[in-house]
Structure formats: C-alpha cells, structure tokens
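Below is one structure, written out as structure tokens, with a few remarks after it.
2 protein chains.
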Amino acid sequence: MALLVQKYGGTSVGSSERIKNVAKRIARTRAEGHDVVVVVSAMSGETNRLVALAHEIQEFPDPREMDVVLATGEQVTIGLLAMALQDIGVPAKSYTGWQVLVQTDNAHTKARIEYIDDSKMRADLAQGKVVIVAGFQGVDAEGNITTLGRGGSDTSAVALAAALKADECQIYTDVDGVYTTDPRVVPEARRMHTVSFEEMLELASLGSKVLQIRSVEFAGKYQVRLRVLSSLAEGGEGTLITYEEDPNMEQAIVSGIAFDRNQARINVRGVPDKPGIAYQILGAVSAANIEVDMIIQNAGEEGTTDFSFTVSRGDYRHTLELLKAVEDSIGAAGIDGDDTVCKVSIVGIGMRSHSDVAATMFRTLAEENINIQLISTSEIKVSVLIDEKYLELATRVLHKAFGLDRQ
Amino acid sequence: MALLVQKYGGTSVGSSERIKNVAKRIARTRAEGHDVVVVVSAMSGETNRLVALAHEIQEFPDPREMDVVLATGEQVTIGLLAMALQDIGVPAKSYTGWQVLVQTDNAHTKARIEYIDDSKMRADLAQGKVVIVAGFQGVDAEGNITTLGRGGSDTSAVALAAALKADECQIYTDVDGVYTTDPRVVPEARRMHTVSFEEMLELASLGSKVLQIRSVEFAGKYQVRLRVLSSLAEGGEGTLITYEEDPNMEQAIVSGIAFDRNQARINVRGVPDKPGIAYQILGAVSAANIEVDMIIQNAGEEGTTDFSFTVSRGDYRHTLELLKAVEDSIGAAGIDGDDTVCKVSIVGIGMRSHSDVAATMFRTLAEENINIQLISTSEIKVSVLIDEKYLELATRVLHKAFGLDRQ
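Protein chains in written order, with the working numbering: chain A, 1 to 407; chain V, 1001 to 1407.
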C-alpha cells in the first residue's frame, strides 16, 4: 500500500463526464489498496473565462482581487469531483487551499508555497477518505487568497506530495508521458520510460508543455518521485523523473528535442561598443517586466556592435516600441526584429561527457541549409534560433541524427 | 455621515457593465460622506449553472460539496466589484464569508448565521475603504464552507448591518420598492413609502419576491432599518420597513395583495372521521419533506370526512403517489387533486381592528363569480385558494375594493 498524490489537469476534468471518469480511475487506484490525495485544476476554459471577465472590468486587474476571482475555478472542480466519488461509493472530502492550509507568500498571481499543514489530510486518509485539494491556490499569512500562476496545479501536487512524504506524485495529463520530441511533429518520437530530473528541468524551460517548470524544481528540491501519465489511456506506466543516474545503463547522449514557437528576435544595430551598453539596452526591457531569453552580441563595423536578443511574441511590439524610444540615447544605428523565428533545443545528460554534440547539431542543420541565427548553451542543452518555417524539418532531422527514433 | 450596508442582487451584477454601474452608485454614496459595506450575490444565471453542473454529477449532490461549488458564484462577484471600484479610484477590499468571518451552523445549503466578526470590516472602513462581502455564504466552526439557501444574500446583508449596527440596510433590486401588488398584474399598483415589519413578513411568506422571508425575520429580531430600492433607477427613496406603528397616521386596513401561483391542491375524500386521521394523511407527506401550506377538513357523508391541502406544484405528483400508496390503509374513498390553482392574499396591520375585512374580500370575489376553494387566515392576512385562471381578475378587483389604487 502506497500513498499517492494524483494531479488531474483542466482537460481531464473539462466536463461532468470527464470528472466521472477521473472518479472511476481514483476508485480503481484505491481498490488496489492505495491512499490517494487528488489535486485538480479548473475545468478547461474556466480560468480563461474568469481572466476575460476581470479584464472587462479593469485593464490591469488588481492582483489581490484577481486571485479571489481565479481561485473559484479549482474550487468548483474539487466539489464536483468529491460528488462524483461519493456517487460511486467512495468517501471523499474536498479542500480549498485555505482549508488545507497551503500557506504561501503574498505575491498575488504568482505566490510561492511556504508551508503545508498535512494534519487534516492525514486524519481523512486514516478514515479511508480520498482527499481532494484545489490546485493552483493558497492563502497568505493575513488570510488573503493567493494563486501560484499558470500551471500552478502541478506545483501544488508536488508540494503536497513533499509535505505528505508521498510515495509518488502522479501528474495525469492528455499525453501518456514525456516524449523524445512532440509526436505531432515527429511521428517516430518515443515515450521515455525515465528522464533525469535535470533533463526534465531543461525540457520544461525550453517549451515542452508536459510539466510546469516550477513543479519540476520543487520536485528536485524535495526529491519527490514524479511520474507523468495519461488520464485518457489506461494502464500506461508513463514517464518517471529520476534523480540518480544509473551507472549500469548506457546513457543516451541526447534524450530529447524541445522547440518553442513563442520567440521573437530583436536586433539593435550599430551601437557604440563600450562597457554598459548591454545594460542600457536590456535595462529598459526588464524594467517593463519583459523577459529576455537568448542574447547575443557581435562586433560590428568601426567600434560598434550589433546586439540581438529574443522575447516572447506577446512582448514583441512592446519591446520594439520601448527601444525605438531610447534609440537615440543609446546611439543605435537601427532597431528591427523578426517574429517568425523559433527555438529548437537538444537536451541530454550525456552531453557532459561528449564534446561533439553541438558540432553534430550544427552540421545536421547545415546539411538542410537551415541558417542558425542565435545559439545558447548550458551543460546539458544546446538551443538554436532558426526561421520558424524550418521548425518541423529541424526537429525531424535532429531526432534522427541523435538516434532518438531507435529504441 | 452614516454607515450603510448595501446589497446588490444577481441581476444588478449580472454583467461587467452592470458591475461597473454598481461601482459608480457606491462611489456616489461614498462621495456623500457615507461609509459603505456592500453585499453581493452571484451574477444572474451563475448559481443555476453551478446547480445544473452538480446535478449532472450526482442526482442528490452532497450538501457539503454543493456549498463548496455554490459559494464560488459570490466569490467571483466580490473580486470583480472590488476591481471596478478601484478602477474608478475608490479603495475597496473583498471578503468571502470565511474571510470576514461569517460563522454559521453546519446545516449545509440552508445554514443559519451564528456570529459575525466585524473587526476586519471596521479596520478597513477606518482606512476609508469600501468593504465588499460575499453574500449567501459563511463558514461553520470546523472550517467547512456553508451557504444560507436561496435568497440568502438578503439575510447576509441584514446580519452584517446588525453586527455593524449600521444606520440602514439598503436592498437594491430590480424593482424600486414594495408595491401594493405586482404592477405587472395591476397597473394601478402603488409603491408603498413604508410597510410595517409584520406586513412585510406576511408579504414575503405569501409569494412576494421582493425580500427573502428569513432576511425580514432577521431584520425584525435586530430591529435593522431596512429599505428596498431600485438598482436601475436613480434617486428613488424605495420602501422603508418600519417597526413602530405611527399613531398619528391613519393605517390602511389592507396594505397589499400577494399571490402565489406555485400551489397545487390535493383532496383525500371520504376518510373515516376519527381522531388522528389528519396526522395519518399529513404524516406521510411531511416524512417525504414536502411542505404543506393550506389545510381544510370538511364533514362528508355518514361519519366520513373530506380532507384537502395544498403543496407546491413541484411536489404535486410525488404527493399524489405517496397518498395513493396509503389510500387503502387510511380507508379513503378517493384521492385526487388540481394543480391549476393559486393563492391570493390580502395583508394589513389594520385588519386587527376591522372585523369586516374578510367579508369584504369574499363578497368582492363572489361578485365576480370566483369560487373560493380554501381559506386560511392570520391576525393580519386572509388567503384564499382559487382557480388559477382568475388570479389577475381577483387581484385587480381586490386591489380596487380595498382602495389600494388611491394614494
């Protein structure tokens, strides 16, 4: 008998029929003899509906009140799922974040979990109940409702698993695990049985939508055994995130390929090549709360330099406007950009001991005449910015070049 | 400067536009120098949507979980209204029932308020903030979310006004006050400037939808100055509920006429006329949680009696089936009924000192050939059950007969 935390996302609980299916799945897990704590998201579409409503009222909704409104989405789901379980004879009890208590800091709309009280959950489990907790939400020390930001339900599940010292945290989603790349782009993509924590962290940050990055970080911090599974298919083992490298297993050099269409490139041309120029340019951008991803600086002509970076597409226009406003003061010869670019990344623990991985990547892309615009690397990943139209082609040829299509 | 509690119902906050209008109204009240605590309902349609969702999951939804789901409706409104106020420069802060704390008993879906903590509200008011409280909801001693039942937001408002010792509790609704009868039926109906607490109590229980009866009871218990106003029209004074009879004012004999279409009549014919027969018949009905309204028992032929009573139309079929099942054991000659009946009532404090009011009512109806099926009376009201097709006619002629069309 194990203690399992199961998390079901918005699609999995998107209708009353689907909520009933989730209830049946939980009932089966319980019939196998396990204790179950369930974390749920808002029904799919609900959070967007609430956000839209708030924006009809206020252009920049007050964060405290935004959290009051948003937290209702998960609250509806916990009540409905508890009803669905009781309807098939499984005792169940729902808890909002403040009822559990999931205590967070007071950073509304992006709060961080500080403390979880496991006493009520333990008491219910001891009575044979399934405990259902609203994901994504908590309460600060003053009793204000907080939310953890988009994808925060994954983080709630991992944090609850850590607090309860659960045997496994199972993230049920609409895919049946973590793949070598997106199967919609590369049909030969394979599900990984295991993926290392560090690889998962890179994949999450590089645009793989399977797990929210903060939940992976949280799992790493508390060494939570984390598994991604399908809520639609039956009986799959999904993908397990591991923390220890198995010395007996030959490690694949590259484990997965991630891509991210949400990229736009900004070029600041012909700025004087002097100390502090990067700060002058990026300071204005970060002051507007715009996140910069890849950055490159190249020597230009006659003591000038060309400076390029990427932002998400939603920030593209705003960033261009910001820089046009300071174009003269930074002495730039021109500012332009391109929002039809994308980022393709290879990720693998094995890169640490193989120096030729980046070279293989660049050669493979060159053979297809795909021009690399920017490069960024870490110990276990290489990312390149390319024209968006080559996204599928690049992903396919890299998937093959690193042998990911072979079991 | 006064402390006002203002309550806005579901129609008044039914869209983002309407929420903005409510915010403007509150801002004006505040600009006049008043402190304002606002109580809001769920946006119109929202509670019905949530109830339907719950019924898709479970035929008889678990009451605790039903409250978890239902309480979200008001929670959305408080957040949105706080945003709308802040957007026009009025500092505002929202509270759910558990945040305030509105403590209730644990009778889920029909909880009663036991205690209200006014400390947070007082602190916010002292800081010049508008306080917005979710109506209809509270929390029990164990931290479970509770709701007060349909129309419970009126009760929340009155209870908050009592706890805060507010100068007035203003119920904003889609009518501009309490009328002598429904103006849609009798165009000559007049708004009352004042109505006595006891009359309001009878009107509420007899089918007038303006105020929820529990809120009127609550107002009476704590002598809360209660006023019904229109949230759509500007500047009206509405109707004030009074607790003291003004000896200088000539009291109208009849103040208002209420009607209720939600009536069905059940007849149990030819039962033995012996002690305990009423209990035998009604015991079975009340055991099924069906509420009986009017009751009459008439001597029939040869030591038998005919027994009639009314239930709400939703309970009509069920009640008939229940009694058919015990028809033999109670020795009835026959069981039938009619669900095309309605109840028309006249209400007035003045009846206490005028013995001819009932006679005037019966004569007026007789002159129109309207047959009276059942009669029930109290100190300040007379109700008759008649064929539904005469509802408008009866209301009109009674309105005229008692001079309600004259100022």
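No residue lacks a Cβ here, since even glycine has one placed at the ideal position from N, Cα and C. Values in this document were obtained by computation on a predicted structure and should not be read as measured data.
task: Let me know if Thr-340 (chain A) comes out buried or exposed under the rule of 16 or more other beta-carbons within 10 Å of its beta-carbon.
output: exposed
- request: Could you check if Glu-199 (chain A) is buried or exposed, using at least 16 other CB atoms within 10 Å of its CB as the buried criterion?
  value: buried
query: Would a C-beta distance cut-off of 8 Å place Leu-385 (chain A) and Thr-310 (chain A) closer than the cut-off?
result: yes
task: Could you check what DSSP says for Gln-86 (chain A) in three-state terms: helix, strand or coil?
output: helix
- prompt: How should Met-1001 (chain V) be labelled, buried or exposed, when 16 other C-beta atoms within 10 angstroms of its C-beta is the threshold for buried?
  reply: exposed
- prompt: Straight-line CA distance for Met-1361 (chain V) to His-1318 (chain V)?
  reply: 33 Å
- prompt: Which value, in whole angstroms, describes the spacing of the CA atoms of Lys-1381 (chain V) and Arg-1018 (chain V)?
  reply: 38 Å
- request: Flag Gly-143 (chain A) as yes if its beta-carbon sits less than 8 Å from any beta-carbon of chain V, otherwise no.
  value: yes
- prompt: Mind checking whether Ser-1383 (chain V) and Met-1294 (chain V) have CB atoms under 8 Å apart?
  reply: yes
task: From the DSSP output, in three-state form, read off Ala-343 (chain A) for me.
output: Before going further, note that residue 343 (chain A) is Lys rather than Ala in the sequence given. In this structure, Lys-343 (chain A) counts as strand in the three-state DSSP scheme.
message: If you follow the beta strand (DSSP E) that Ile-171 (chain A) is in, where does it begin and where does it stop?
response: 168-173
task: Locate the alpha helix (DSSP H) running through Ala-1358 (chain V), then write down its first and last residues.
output: 1357-1367
Any C-beta of chain V under 8 Å from that of Thr-72 (chain A): yes
- prompt: Can you tell me whether Thr-72 (chain A) is buried or exposed, with buried defined as 16 or more other CB within 10 angstroms of its CB?
  reply: buried
task: Check Tyr-243 (chain A) in the structure and name its three-state DSSP category.
output: coil
query: What residues are listed by DSSP as bridge partners for Ala-1264 (chain V)?
result: V:Val-1311
query: Going along the chain, which residues of the segment 372-397 of chain A sit with their C-beta nearer than 8 Å to a C-beta in chain V?
result: none
message: Quick check: the Cα distance between Gly-337 (chain A) and Glu-321 (chain A), rounded to an integer number of angstroms?
response: 11 Å
message: Assuming Leu-211 (chain A) and Ile-171 (chain A) are in contact, meaning their beta carbons sit under 8 Å apart, how far apart are those beta carbons, in whole angstroms?
response: 6 Å
message: For a minimum of 3 consecutive residues, which ranges assigned as the beta strand (DSSP E) are wholly contained in the segment 1075-1146 of chain V?
response: 1092-1095, 1102-1104, 1113-1116, 1130-1134, 1137-1139
- prompt: Taking the DSSP output, what are the residues bridged to Thr-1377 (chain V)?
  reply: V:Val-1382
message: With a threshold of 8 Å between beta carbons, is Lys-1221 (chain V) in contact with chain A?
response: no
- prompt: What is the DSSP secondary structure of Ile-1213 (chain V), reduced to helix, strand or coil?
  reply: helix
- request: Flag Lys-274 (chain A) as yes if its beta-carbon sits less than 8 Å from any beta-carbon of chain V, otherwise no.
  value: no
Same chain only: Cβ atoms within 7 Å of Asp-105 (chain A), ignoring 5 sequence neighbours per side: Ala-111, Arg-112, Glu-114, Asp-140
task: Find the residues of chain V that neighbour Gln-75 (chain A), judging by a C-beta separation of less than 9 Å, and give them in chain order.
output: Val-1068, Val-1069, Ala-1071, Thr-1072, Gln-1075, Ile-1145
query: How long is the line joining the alpha carbons of Gln-1280 (chain V) and Ser-1376 (chain V), rounded to whole angstroms?
result: 21 Å
query: Are Gly-143 (chain A) and Gly-97 (chain A) close, meaning C-beta to C-beta below 8 Å?
result: no
message: Can you look up Met-1294 (chain V) in the DSSP assignment and give me helix, strand or coil?
response: coil
- prompt: What separation, rounded to the nearest whole angstrom, lies between the Cα atoms of Ala-1264 (chain V) and Ser-44 (chain A)?
  reply: 43 Å
Test item: CB-CB of Leu-1323 (chain V) and Ile-1266 (chain V) under 8 Å: yes
message: When you compare the CB positions of Val-1195 (chain V) and Ser-1255 (chain V), do they come within less than 8 Å of one another, or not?
response: yes
- prompt: With a cut-off of 8 Å, does the C-beta of Asp-306 (chain A) fall near any C-beta of chain V?
  reply: no
- prompt: Can a CB atom of chain A be found closer than 8 Å to the CB of Gln-1099 (chain V)?
  reply: yes
message: Taking beta-carbon pairs under 9 Å, can you tell me which members of the segment 5-29 of chain A lie near chain V?
response: Ser-15, Ser-16, Glu-17, Ile-19, Lys-20, Ala-23
query: Is the beta carbon of Gly-1177 (chain V) less than 8 Å from the beta carbon of Ser-1153 (chain V)?
result: no
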